[in-house]
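*Asks:* Following the numbering used here, the numbering of the sequence shown begins with 141 at its first residue and continues without gaps. All C-beta atoms in this analysis are idealised placements derived from N, C-alpha and C, irrespective of residue type, glycine included.
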Amino acid sequence: MTHRFPNLPEPQLVDVNYDVDLASLKTRYQAGTGHYPGLNDPETFHLEQIAYEKNELKALINYESKQNLLPFAQGERLDNLGLLTETERLPASRARTVMAFVFTEHAGLVIPKGYQVIAVDNQTLFETLDDTVVSAGTLGVQVNVECTEAGLQGNGFLPGQIHQAVEP
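Structure below.
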């Protein structure tokens with residue numbers, strides 16, 4: 141399912157179902173030999189292995205077929221799909237958000253550009269984009285912050301999860 145078209149089902153060329161494939165293999169084995177392999181028969185292990193590998197191949201077929209569709213393509217294949225319309229992939233960018241800084245009492249202060257806060261994962265750093273002057277008596281201010289690293293690392297945080305100040 142995609143974000144842009146949430147009602148479209150995920151495409152699947154072949155059904156991946158280990159139990160159905162194993163039952164089919166056992167039935168075909170019985171048709172050829174006259175013996176249905178039971179749980180402890182040595183043939184069962186081989187048929188299970190064949191069913192497993194068959195399902196791995198089916199899953200790979202489904203994956204490879206989806207690589208031809210824009211919502212599911214990854215890596216170089218996504219770049220190659222972009223070539224069809226002369227569209228280049230955008231470079232990774234830094235996540236941005238607005239943070240609320242809340243104060244108790246103060247005589248006025250400046251939140252300097254580059255002041256860092258860390259997210260709840262204790263790894264992802266965000267820093268303020270501009271100097272922000274906070275007048276005396278102001279108990280809260282909204283400040284624009286940006287992740288220090290480009291890419292997915294700064295995405296997905298909920299309100300309140302970027303909150304711990306780091307020494308600038």
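At which residue ranges does the stretch 175-225 contain complete alpha helix (DSSP H) runs of 4 or more residues, listed in the order of the chain?
*Replies:* Taking only runs of at least 4 residues, the alpha helix (DSSP H) segments lying wholly in the stretch 175-225 are 182-206, 215-223.
*Asks:* Exposed or buried, which one is residue 271 when buried takes at least 16 other CB atoms within 10 Å?
*Replies:* The residue is exposed, with fewer than 16 neighbouring Cβ atoms inside 10 Å.
*Asks:* Only counting the same chain, and skipping five residues up and downstream in sequence, which positions put a Cβ closer than 6 Å to that of residue 295?
*Replies:* Same-chain partners within the cutoff: 235.
*Asks:* Quick check on the DSSP output: the beta strand (DSSP E) that includes residue 257 runs from which residue to which?
*Replies:* Unbroken beta strand (DSSP E) run through residue 257: 256-259.
*Asks:* Buried or exposed: residue 314, going by 16 or more other Cβ atoms within 10 Å of its Cβ?
*Replies:* The structure shown does not extend to residue 314, since the chain is modelled only from 141 through 308, so no value can be given for it.
*Asks:* Excluding the five sequence neighbours on either side, which residues of its own chain have a C-beta within less than 6 Å of the C-beta of residue 207, listed in chain order?
*Replies:* Excluding positions up to five away in sequence, the list reads 213, 217.
*Asks:* Which term fits residue 170, buried or exposed, when burial requires 16 or more other beta carbons within 10 angstroms of its beta carbon?
*Replies:* By the 10 Å Cβ count, residue 170 comes out exposed.
*Asks:* State yes or no: is the beta carbon of residue 232 nearer than 8 Å to at least one beta carbon in chain D?
*Replies:* Annotation note: the requested chain D is absent from the structure, which comprises a single protein chain.
*Asks:* Taking the straight line between their C-alpha atoms, what separation do you get for residue 195 and residue 264?
*Replies:* The straight-line gap from Cα to Cα measures roughly 39 Å.
*Asks:* What three-state label does DSSP hand residue 160 in the structure shown?
*Replies:* DSSP places residue 160 in helix when its eight states are reduced to three.
*Asks:* Do the stretch 225-240 and the stretch 168-185 meet, that is, are 3 or more Cβ pairs less than 8 Å apart?
*Replies:* Segments in contact, no.
*Asks:* Between residue 242 and residue 257, what straight-line distance do the alpha-carbon atoms span, to the nearest angstrom?
*Replies:* Each residue's Cα considered, the two are about 13 Å apart.
*Asks:* Rounded to the nearest angstrom, what separates residue 179 and residue 157 at their Cα positions?
*Replies:* If I take the Cα positions, the gap works out to 19 Å.
*Asks:* Quick check: the Cα distance between residue 189 and residue 202, rounded to an integer number of angstroms?
*Replies:* So the alpha carbons of these two residues sit roughly 20 Å apart.
*Asks:* Who are the near neighbours of residue 177 in its chain, counting only those whose CB is closer than 8 Å to its CB and skipping five residues on each side?
*Replies:* Contacts found: 166, 169, 170, 183, 184, 187.
*Asks:* In the structure shown, what three-state DSSP assignment does residue 141 receive?
*Replies:* For residue 141, the predicted structure reports a pLDDT of 49, less than 50, and the residue's modelled location is therefore unreliable. The matter cannot be settled from this model.
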